[in-house]
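Each residue of the sequence shown is one higher than the one before, starting from 5 at the first, in our numbering. Just so it is clear, CB atoms sit at the ideal spot from N, CA and C, and this is done for glycine as well. Working notes, structure below.
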Amino acid sequence: MEEEEAEPHVLMFPFPALGHVNPMLKLAELLSLSGLRVTFLNIHTIHQRLILHTNLHSRFSRFPKFRFHTITDGLPPAYIGSLTKLSVLTQSMEAVTKPLLRQMLLSGELGPIPTCIILDGFFSFMVDSNAKPRIPVLCFRTVSACSFWAYSSIPKLIEEGQLPVRGEEDMDRMIEGVDGMENVLRCRDLPSFSRVGEQTEPILQYCVDQTIQSSKTQSLILNTFEELEGPILSCLRKRCRNIYTIGPLNAHLKSRLPGEKSPPELESSNGYREVDRSCLAWLDAQPSKSVVYVSFGSVTVIGDDQFREFWHGLVDSGKRFLWVVRPDLVAGKDEEDGVPAELEEGTRERGCMVGWAPQEEVLAHEAIGGFLTHNGWNSTLEGIVAGVPMICWPQFADQLTNSRFVSEVWKIGLDMKDVCDRKTVAKMVNDVMENRRNELMGSVLKTAKLALTSVEEGGSSYCDLERMINDIQLLRQQRQVID
Ligand code: UDP
Numbered sequence: 005m006e007e008e009e010a011e012p013h014v015l016m017f018p019f020p021a022l023g024h025v026n027p028m029l030k031l032a033e034l035l036s037l038s039g040l041r042v043t044f045l046n047i048h049t050i051h052q053r054l055i056l057h058t059n060l061h062s063r064f065s066r067f068p069k070f071r072f073h074t075i076t077d078g079l080p081p082a083y084i085g086s087l088t089k090l091s092v093l094t095q096s097m098e099a100v101t102k103p104l105l106r107q108m109l110l111s112g113e114l115g116p117i118p119t120c121i122i123l124d125g126f127f128s129f130m131v132d133s134n135a136k137p138r139i140p141v142l143c144f145r146t147v148s149a150c151s152f153w154a155y156s157s158i159p160k161l162i163e164e165g166q167l168p169v170r171g172e173e174d175m176d177r178m179i180e181g182v183d184g185m186e187n188v189l190r191c192r193d194l195p196s197f198s199r200v201g202e203q204t205e206p207i208l209q210y211c212v213d214q215t216i217q218s219s220k221t222q223s224l225i226l227n228t229f230e231e232l233e234g235p236i237l238s239c240l241r242k243r244c245r246n247i248y249t250i251g252p253l254n255a256h257l258k259s260r261l262p263g264e265k266s267p268p269e270l271e272s273s274n275g276y277r278e279v280d281r282s283c284l285a286w287l288d289a290q291p292s293k294s295v296v297y298v299s300f301g302s303v304t305v306i307g308d309d310q311f312r313e314f315w316h317g318l319v320d321s322g323k324r325f326l327w328v329v330r331p332d333l334v335a336g337k338d339e340e341d342g343v344p345a346e347l348e349e350g351t352r353e354r355g356c357m358v359g360w361a362p363q364e365e366v367l368a369h370e371a372i373g374g375f376l377t378h379n380g381w382n383s384t385l386e387g388i389v390a391g392v393p394m395i396c397w398p399q400f401a402d403q404l405t406n407s408r409f410v411s412e413v414w415k416i417g418l419d420m421k422d423v424c425d426r427k428t429v430a431k432m433v434n435d436v437m438e439n440r441r442n443e444l445m446g447s448v449l450k451t452a453k454l455a456l457t458s459v460e461e462g463g464s465s466y467c468d469l470e471r472m473i474n475d476i477q478l479l480r481q482q483r484q485v486i487d
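Right, dumping it as structure tokens:
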């Protein structure tokens, strides 16, 4: 026990959504590989689904100093993954989970008092900085630096009357006065919560508050890399005392895993749905770079009309496609709905649809030539690492800003936000796969190389992770935990 207490102990607590849990687990694995004692706290319902569909327990059992613990969010299981109920979830967590977490810390249920807590910055209210025992908080925001910076700028934009976006607004109006984003950011590229009409809307207030809190913590951790978002990070550093950029975490973890290539059962897949691996065999039978991979992530829901437009557009493009159609992707869709007659031939000849794909393996597959994505930050980074040009169809939150940077700043994809008709889909697919292929491939391959270099020994993200691990060890030595 004495030895246990003499060594650093990191408690990690992600916000309960796949896009947050996934990178936090990758970071947990990286910290465990470095030999740190790590306790990972997860909401029960999320954890149950993860262990049902992944190798989570066997993967982490190789770290003797790693522990999983679970805690309730105070809600019935049906609330999982639904962002429309964000305020219900956060209110419940503040009322139920927060006091419980304190109790668990004090009782020793989570092991020795942590040296620090790596807390998801999307619910930074979870730990009071003044409550005893005082434990330093490192705040992990799982979004891009550019969207975090856009969120940070919202209070100023409201003050200047540039926000919120109102009813009949010209969405192409340029937003002024956001450093590092001059002539880039239009109204339609701001995080979706800016489109609410009134600045008092709880969701806008919540996102802004959490961003302000995140900037105030001792340290901010971002899943990005200096070579991608350097100019924006320079702006952010004027507000945040200490930023660790340690991404892309998927590539970072792979590069530090011992051995050449881990077998599929040891791959760090963190999805919470049953993976349909049959699509890999289908991909094996397709020509090199011929397939567009289509996925809108783990929570986006689209209308039946949008679903049809995408389907027609993909078939009309004449290109091959692999499409993740989650059972809950289309609002009100009947499981029994078959393939419409006019789409039957094109889908059978060139298409493959699955309920959930092993996305990282798919993107790395030789047959993949393009990625039609909603630009969740994990998907965007995974596309970059795989060197696959994107078609962006963002839906909410940070995705709207990410897609603008993908198309206008990094020039590794085309943005079709706010548009959804079959003609545009077919045109975008052909532009990415053929007409504008060379220019897009040139920049995406360059960006992929920068990403991979950043996580190799001596690279920017590699060094920042080392710095963070050293700082955690120093925290322990300085005995900054004040009981
Ligand atoms: N994902 C997956 N299989 C799929 C669809 C998505 O493994 O069929 C993973 C994807 O690799 C990514 C995560 O789910 O890591 C989605 O996170 P992202 O931030 O892109 O979007 P969100 O789900 O938060 O909207």
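Q: Classify SER148 as buried or exposed, calling it buried when 16 or more other Cβ atoms lie within 10 Å of its own Cβ.
A: On the sequence shown, residue 148 is found 144 positions in, with the first residue counted as 1. The residue is buried, with at least 16 neighbouring Cβ atoms inside 10 Å.
Q.
Using the Cβ count rule (16 or more neighbours within 10 Å means buried), how would you classify VAL423?
A. The residue you call residue 423 lines up with position 419 of the sequence shown. Looking at its Cβ environment, which holds fewer than 16 other Cβ atoms inside 10 Å, VAL423 is exposed.
Q | Local conformation of ARG145 per DSSP, three classes | A | Here residue 145 refers to the residue found at position 141 when the sequence shown is read from its first residue. Reduced to three states, the DSSP call for ARG145 is strand.
Q.
With the cut-off set at 9 Å, would you say ASP308 and GLY336 are in Cβ contact?
A. Numbered from its first residue, the sequence shown carries residue 308 at position 304. Numbered from its first residue, the sequence shown carries residue 336 at position 332. Contact: yes.
**Q.** Alpha carbon of GLY23 to alpha carbon of TRP381, nearest angstrom
**A.** Translated into the one-based positions of the sequence shown, residue 23 becomes position 19. Translated into the one-based positions of the sequence shown, residue 381 becomes position 377. Going by the C-alpha atoms only, they are around 8 Å apart.
Q: Report yes or no: do the stretch 278-298 and the stretch 362-373 share at least 3 C-beta pairs separated by less than 8 Å?
A: yes
Q: Would you tell me roughly how many angstroms separate the C-alpha atoms of TYR297 and SER133, rounded to the nearest one?
A: Along the sequence shown, one-based indexing puts residue 297 at 293. Along the sequence shown, one-based indexing puts residue 133 at 129. If you take the alpha carbons of TYR297 and SER133, they lie about 44 Å apart.
Q: Please go through the stretch 199-252 and give each complete alpha helix (DSSP H) segment of 4 or more residues, from N-terminal end onward.
A: 206-220, 230-241
Q.
When you measure from the CB of THR384 to every non-hydrogen atom of ligand 1, does any distance come out below 8 Å?
A. Position 380 of the sequence shown, counted from the first residue, corresponds to residue 384. Flag set: Cβ of THR384 near ligand 1.
Q: Report, in whole angstroms, the separation of the C-beta atoms of LEU237 and GLU230, which I expect to be a contact under 8 Å.
A: Locating residue 237 in the sequence shown gives position 233, counting from the first residue. Locating residue 230 in the sequence shown gives position 226, counting from the first residue. 6 Å between Cβ atoms; contact.
Q. Which runs of the alpha helix (DSSP H) fall wholly inside the stretch 29-58 and span at least 4 residues, in chain order?
A. 48-57
Q. Under three-state DSSP, which class holds SER299?
A. If you number the sequence shown from 1, residue 299 lands on position 295. Strand at SER299.
Q) Which first and last residues belong to the alpha helix (DSSP H) in which GLY355 is found? A) For the purposes of this step, residue 355 is taken as residue 351 along the sequence shown, with counting starting at 1. It is not in any alpha helix (DSSP H) - GLY355 instead sits in the beta strand (DSSP E) that spans 355-358.
Q: State the beta-bridge partners of ILE122 as determined by DSSP.
A: For the purposes of this step, residue 122 is taken as the residue at position 118 of the sequence shown. Answer by DSSP bridge pairing, in chain order: MET16, LEU142.
Q) Does the stretch 382-395 touch the stretch 432-452, meaning 3 or more C-beta pairs lie closer than 8 Å? A) yes
Q: Run the proximity test for HIS378: is its beta-carbon closer than 8 Å to any non-hydrogen atom belonging to ligand 1?
A: Here residue 378 is taken as the residue at index 374 of the sequence shown, counted from 1. Yes, the Cβ of HIS378 comes within 8 Å of a heavy atom of ligand 1.
Q: Return yes when at least one heavy atom of ligand 1 lies under 8 Å from the C-beta of ARG330, else no.
A: Taking the sequence shown and counting its residues from 1, one reaches residue 330 at position 326. Because some heavy atom of ligand 1 lies under 8 Å away, the Cβ of ARG330 counts as near it: yes.
Q. In three-state DSSP terms, what is ILE476?
A. As a working note, residue 476 is residue 472 in the sequence shown. If DSSP states are grouped into helix, strand and coil, ILE476 belongs with the helices.
(Q) To the nearest angstrom, how far is the alpha carbon of GLU264 from that of VAL295? (A) Here residue 264 is taken as the residue at index 260 of the sequence shown, counted from 1. Here residue 295 is taken as the residue at index 291 of the sequence shown, counted from 1. Because the pLDDT of GLU264 is 49, which lies under 50, any placement of that residue in the model is unreliable, and the number read from its coordinates should be weighed accordingly. Cα-Cα distance, rounded: 27 Å.
Q) Applying the criterion that 16 or more other CB atoms from any shown protein chain within 10 Å of the CB defines a buried residue, is LYS421 buried or exposed? A) Mapped onto the sequence shown, residue 421 falls at position 417. It is buried - the Cβ of LYS421 has at least 16 other Cβ atoms within 10 Å.
Q.
Using the three-state DSSP reduction, which class does ARG440 fall into: helix, strand or coil?
A. For the purposes of this step, residue 440 is identified with residue 436 of the sequence shown, where counting begins at 1. The answer is coil: DSSP assigns ARG440 none of H, G, I, E or B.
(Q) I'd like to confirm the pairing. Which residues does DSSP put opposite ARG71 in its beta bridges? (A) As a first step, residue 71 must be located in the sequence shown, where it is residue number 67. Partner(s): THR43.
Q. Does any heavy atom of ligand 1 sit closer than 8 Å to the C-beta of THR405?
A. Looking up residue 405 in the sequence shown gives position 401. The answer is no for THR405.
Q. Less than 8 Å between the CB of ASN59 and some heavy atom of ligand 2, yes or no?
A. Questions concerning ligand 2 fall outside what the structure shown contains, since the ligands it does hold are ligand 1.
Q.
Quick check on the DSSP output: what are the complete alpha helix (DSSP H) runs of length 4 or more inside the stretch 386-472, in order along the chain?
A. 403-408, 426-434, 441-459
Q. At which residues does the alpha helix (DSSP H) containing GLY317 begin and terminate?
A. Against the sequence shown, residue 317 aligns to sequence position 313. Taken as a continuous stretch (DSSP letters only), the alpha helix (DSSP H) holding GLY317 covers 308-321.
Q. Where does PHE152 fall in DSSP's three states?
A. Counting from 1 along the sequence shown, the entry for residue 152 is found at position 148. DSSP places PHE152 in helix when its eight states are reduced to three.
Q: For the beta strand (DSSP E) holding PHE64, just list the boundary residues, first then last.
A: On the sequence shown, residue 64 is found 60 positions in, with the first residue counted as 1. Not the beta strand (DSSP E): PHE64 falls in the alpha helix (DSSP H), residues 60-64.
**Q.** Boundaries of the alpha helix (DSSP H) in which LEU105 is found, first to last residue
**A.** What you label residue 105 is simply residue 101 of the sequence shown in a count that begins at 1. Looking at the DSSP string, the run of the alpha helix (DSSP H) that includes LEU105 is 102-111.
Q.
With H, G and I counted as helix, E and B as strand and the rest as coil, what does DSSP make of GLY374?
A. Locating residue 374 in the sequence shown gives position 370, where the first residue counts as 1. In this structure, GLY374 counts as strand in the three-state DSSP scheme.
Q | Straight-line Cα distance separating ASP435 from ALA390 | A | As a first step, residue 390 is located in the sequence shown; it is residue number 386 there, counting from the start. As a first step, residue 435 is located in the sequence shown; it is residue number 431 there, counting from the start. Answer to the nearest angstrom: the Cα atoms are 19 Å apart.
(Q) Give me the residue from ALA32, THR428, GLN477, THR228 with the minimum Cα distance to ARG63. (A) Taking the first residue of the sequence shown as position 1, residue 63 is located at position 59. Nearest C-alpha to ARG63: ALA32.
Q.
Going by DSSP, what residue range makes up the beta strand (DSSP E) through LEU326?
A. Taking the sequence shown and counting its residues from 1, the one referred to as residue 326 is at position 322. 324-328 is the span of the beta strand (DSSP E), which, as asked, contains LEU326.
Q: Measure from the alpha carbon of GLN481 to the alpha carbon of each residue in PRO118, PHE44, GLN52, PRO103, then state which is nearest.
A: The sequence position of residue 481 within the sequence shown is 477, counting from 1. Of PRO118, PHE44, GLN52, PRO103, the residue nearest in Cα terms is PRO118.
Q: Using 10 angstroms around the beta-carbon of VAL14, count the other beta-carbons present and answer buried if the total reaches 16, otherwise exposed.
A: For this step, residue 14 is matched to residue 10 along the sequence shown. Label assigned to VAL14: buried.
(Q) So the candidates are PRO68, PHE409, GLY355; which of them puts its Cα closest to the Cα of ASN379? (A) As a first step, residue 379 must be located in the sequence shown, where it is residue number 375. Per the Cα distances, PHE409.
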